[in-house]
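Student:
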Amino acid sequence: MPHVAAIGTYLPCWGAPHRRVAGDDEDAITLAVEAGRAALSGGGAVERVVVVSRCLPLTESSNAAVLLAGLGLDPELEVDERLGGAPATLDALSSARPRTLIIGMDLDPAGAAAVLTAEKGLHVRTAARIARSLPVRTRNAVGVVHDYGDPRLLQQRGVVASLEAAWVDTPLAVAGVEHEQALELSTGQQPRLPTVGASSGLFALADMAQSQTTGRLVGVEQASLSGITVVGGAARVYRHQPPARAIPETTFIPGADLAISLAAYERAFEAKVRWEAGKYADSDDLDFPPRYRVGDDGALATDYELVPLPRTGKVYTAVSVHMPVPGLRTPYALVIVELDECSVRALVKVTGVEPDSVRIGDRGRLVLRRIAVRSGVPDYGYAFEPQEAAA
Numbered sequence: 001m002p003h004v005a006a007i008g009t010y011l012p013c014w015g016a017p018h019r020r021v022a023g024d025d026e027d028a029i030t031l032a033v034e035a036g037r038a039a040l041s042g043g044g045a046v047e048r049v050v051v052v053s054r055c056l057p058l059t060e061s062s063n064a065a066v067l068l069a070g071l072g073l074d075p076e077l078e079v080d081e082r083l084g085g086a087p088a089t090l091d092a093l094s095s096a097r098p099r100t101l102i103i104g105m106d107l108d109p110a111g112a113a114a115v116l117t118a119e120k121g122l123h124v125r126t127a128a129r130i131a132r133s134l135p136v137r138t139r140n141a142v143g144v145v146h147d148y149g150d151p152r153l154l155q156q157r158g159v160v161a162s163l164e165a166a167w168v169d170t171p172l173a174v175a176g177v178e179h180e181q182a183l184e185l186s187t188g189q190q191p192r193l194p195t196v197g198a199s200s201g202l203f204a205l206a207d208m209a210q211s212q213t214t215g216r217l218v219g220v221e222q223a224s225l226s227g228i229t230v231v232g233g234a235a236r237v238y239r240h241q242p243p244a245r246a247i248p249e250t251t252f253i254p255g256a257d258l259a260i261s262l263a264a265y266e267r268a269f270e271a272k273v274r275w276e277a278g279k280y281a282d283s284d285d286l287d288f289p290p291r292y293r294v295g296d297d298g299a300l301a302t303d304y305e306l307v308p309l310p311r312t313g314k315v316y317t318a319v320s321v322h323m324p325v326p327g328l329r330t331p332y333a334l335v336i337v338e339l340d341e342c343s344v345r346a347l348v349k350v351t352g353v354e355p356d357s358v359r360i361g362d363r364g365r366l367v368l369r370r371i372a373v374r375s376g377v378p379d380y381g382y383a384f385e386p387q388e389a390a391a
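UniProt numbering applies: residue 1 is where the sequence shown begins, and numbers increase by one.
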């Protein structure tokens, strides 16, 4: 029976208070990294990572390398990528070993939540599990979604029938459905959840942990169901949920699809996604991006090591680009960030605020974002998020 030591949640800043929208530079992996880093902010060892979503960006390849790099975890860790919604996430939690990081993420509405298991903490146990077939929403091989369009059928023959078949008493909280339906199916006291997919059950668990509530939590998706019982104990909850703000107006002019060089992508990956600089043994200077050096004698030095860079800093200079750029949404802001406790200055995009709102001297943090999609490959890097956006 697993114990939850910490829970981390993340919501994008864009959209309405109860329905967030991912930014143009966000996807399921960047959401997962934000929630995972929140859960790990209090410390704790990780031996295995499980991610659950129905919107993973790479399905013919693996998302593990970017995920582990963004979380700052060892690339040798096991990563289990699961396709599913709220029941799949609760299934992963109910069978998790200690030191497992479980992350659920969604894009519509957008949000992510993560839990870290341990030998002690918030005690949960399996309460119910049933798999039934009622595919009212499907997606074909090219991504076209078909919705059967019968909410009454889904309610009566899907959710309600599964609750009855699983012999589940009225749960304290229900995840995976809209708020009004959740109130009807539960005891009617649960807070509104910001998502209805893979992350929703973990958002509900965070609410129960903060309110020190025990009882049954059920996750549903169409006609499948999984339930856990929160028995007792305590877990640390870390929320990164900035206030909602309106999506800024932008202009987009289609441009030529720039082909990616996978050789260059591979060379830059570790330093760019793990946010590391190059350091030579005979020097205290840091090079970002890492690069070879030519000595006074003409000898080429290539033996640098990668060292982590600080993820906080202040704006050294900034510029907003309003002229339309083919292939990019404008306006956007660029800043040179002077990183804390080192001499490195990095040129990055700004995220989470209106482009013209950034000023010299503003403090903030560096966060993983999707900076481009080239030849169908998501290209990740870091962006500057001012403190006002993270508040």
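Just so it is clear, CB atoms sit at the ideal spot from N, CA and C, and this is done for glycine as well.
Could you check the C-alpha separation between glycine 278 and leucine 58 for me, to the nearest Å?
Tutor: Between glycine 278 and leucine 58, the C-alpha separation is close to 29 angstroms.
Student: Give the straight-line distance between the Cα atoms of leucine 328 and alanine 372, rounded to the nearest whole angstrom.
Tutor: The alpha-carbon atoms of leucine 328 and alanine 372 are separated by roughly 9 angstroms.
Student: Could you tell me the boundaries of the beta strand (DSSP E) in which threonine 100 lies?
Tutor: Per DSSP, threonine 100 belongs to the beta strand (DSSP E) from 100-107.
Student: Less than 6 angstroms between C-beta atoms, sequence neighbours within five positions excluded: which residues of the same chain meet that for histidine 146?
Tutor: Within the same chain, histidine 146 has close Cβ partners Thr138.
Student: DSSP on valine 196, reduced to helix/strand/coil?
Tutor: Coil at valine 196, not helix or strand.
Student: Note down the Cα distance separating glycine 201 from phenylalanine 288, rounded to an integer number of angstroms.
Tutor: The alpha-carbon atoms of glycine 201 and phenylalanine 288 are separated by roughly 40 angstroms.
Student: Should arginine 311 and leucine 258 be called a contact, given that it needs their Cβ atoms to be closer than 8 angstroms?
Tutor: Not a contact, by the Cβ cut-off of 8 angstroms.
Student: Which same chain residues end up closer than 6 angstroms to histidine 123 when comparing Cβ atoms and leaving out the 5 residues on each side of it in sequence?
Tutor: These residues qualify, in order along the chain: His3, Val231, Gly232 and Gly233.
Student: First and last residue of the alpha helix (DSSP H) that includes alanine 318?
Tutor: Note, alanine 318: premise wrong, no alpha helix (DSSP H); beta strand (DSSP E) at 312-321.
Student: Near glycine 313, which residues of its chain fall below 6 angstroms by C-beta distance, leaving aside the five closest residues on each side in sequence?
Tutor: For glycine 313, where only same-chain residues beyond five positions count, the Cβ hits under 6 angstroms are Val337, Glu338, Leu339 and Asp340.
Student: Between residue 392 and proline 386, is the Cβ-Cβ spacing less than 8 angstroms?
Tutor: Lying outside 1 to 391, the shown extent of the chain, residue 392 is not represented and no answer is given.
Student: Taking 7 angstroms as the limit between beta carbons, can you name the residues of its chain near glycine 42, skipping five residues before and five after?
Tutor: Closer than 7 angstroms at Cβ, skipping near neighbours: Ala6, Arg236 and Tyr238.
Student: Can you tell me whether threonine 117 is helix, strand or coil according to DSSP?
Tutor: If DSSP states are grouped into helix, strand and coil, threonine 117 belongs with the strands.
Student: What did DSSP end up calling valine 33 once you bin it into helix, strand or coil?
Tutor: Looking at valine 33 - three-state DSSP - the assignment turns out to be helix.
Student: Express the C-alpha separation of glycine 361 and arginine 82 in angstroms, rounding to a whole number.
Tutor: Going from the Cα of arginine 82 to the Cα of glycine 361 covers about 42 angstroms.
Student: Contact check, valine 344 vs leucine 309 under 8 angstroms by CB: the rounded distance?
Tutor: Rounded, the Cβ-Cβ distance is 6 angstroms, consistent with contact.
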